[in-house]
Amino acid sequence: MAVRELRYFGDPVLKTVADPVTRFDDTTKRLVDDLLDTVDLPGRAGLAAPQIGVALRAFSYRLDGTVGYVLNPEIVELAETIHDIDEGCLSVPELWYPVRRATYAVVRGVDLRQQPVTVEGDGVTAQCLQHEVDHLDGTLYLDRLATEQRRSALRDLRSRDWFRLH
Numbered sequence: 174m175a176v177r178e179l180r181y182f183g184d185p186v187l188k189t190v191a192d193p194v195t196r197f198d199d200t201t202k203r204l205v206d207d208l209l210d211t212v213d214l215p216g217r218a219g220l221a222a223p224q225i226g227v228a229l230r231a232f233s234y235r236l237d238g239t240v241g242y243v244l245n246p247e248i249v250e251l252a253e254t255i256h257d258i259d260e261g262c263l264s265v266p267e268l269w270y271p272v273r274r275a276t277y278a279v280v281r282g283v284d285l286r287q288q289p290v291t292v293e294g295d296g297v298t299a300q301c302l303q304h305e306v307d308h309l310d311g312t313l314y315l316d317r318l319a320t321e322q323r324r325s326a327l328r329d330l331r332s333r334d335w336f337r338l339h
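Be aware that the sequence shown starts at 174, since it is given in the working numbering, and climbs by one per residue.
Structural data, given as structure tokens:
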């Protein structure tokens, strides 16, 4: 168990579609433990495996005092109601932009014992679920910005100390 180093915008793993988890062994347990340890720091709501350099369909969350994880998550329901909500990302630190997200979301997947897991919620929980599944599909929240906003965001990126090109 360890807090893992984050990957930042420009790292190719963040733009890669993650593979399904097919092995439910000690290696996967270590990944889950690392995801839980890494998300369980102040100011963090969610963390997808690609954000720590692992291209597998897994994410952890820390919402309303609950810390958990989902393997092979799929969004199975989204509200028809959409809103703009300010969003940031651990892999794009210091930058926040409004993103259009469904106001309610349901994610289903499995746990380490391959038992069904369902996580659902509205507001920040819905936003987190959509954001983390996006990561597993190789999508960053910046990809969801309107063209002008995206241009502005990419300009802002270049001025950040953490920014690096790959």
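Every residue gets a Cβ at the ideal spot worked out from N, C-alpha and C, and that includes glycine.
- Fewer than three beta-carbon pairs drawn from the segment 202-213 and the segment 311-331 are found closer than 8 Å, and the two stretches are therefore not classed as touching.
- In the three-state reduction of the DSSP assignment, E305 falls in the helix class.
- The segment 267-282 and the segment 213-227 do not touch, with fewer than three beta-carbon pairs separated by less than 8 Å.
- Nearest Cα to D310 within the set A175, V186 and R177: V186.
- The C-beta distance from R274 to A299 rounds to 7 Å, short enough to fall under 8 Å.
- Within the DSSP secondary-structure output, D329 pairs in no beta bridge.
- Taking all protein chains in view, the Cβ of Q287 is surrounded by fewer than 16 other Cβ atoms within 10 Å, so the residue is classified as exposed.
- Annotation for R203: the continuous alpha helix (DSSP H) segment containing it runs D199 to V212.
- Under the three-state reduction of DSSP, T276 is assigned to coil, being neither helix nor strand.
- DSSP links F232 through a beta bridge to A221 and V243.
- The Cβ-Cβ distance between F197 and L285 falls below 7 Å.
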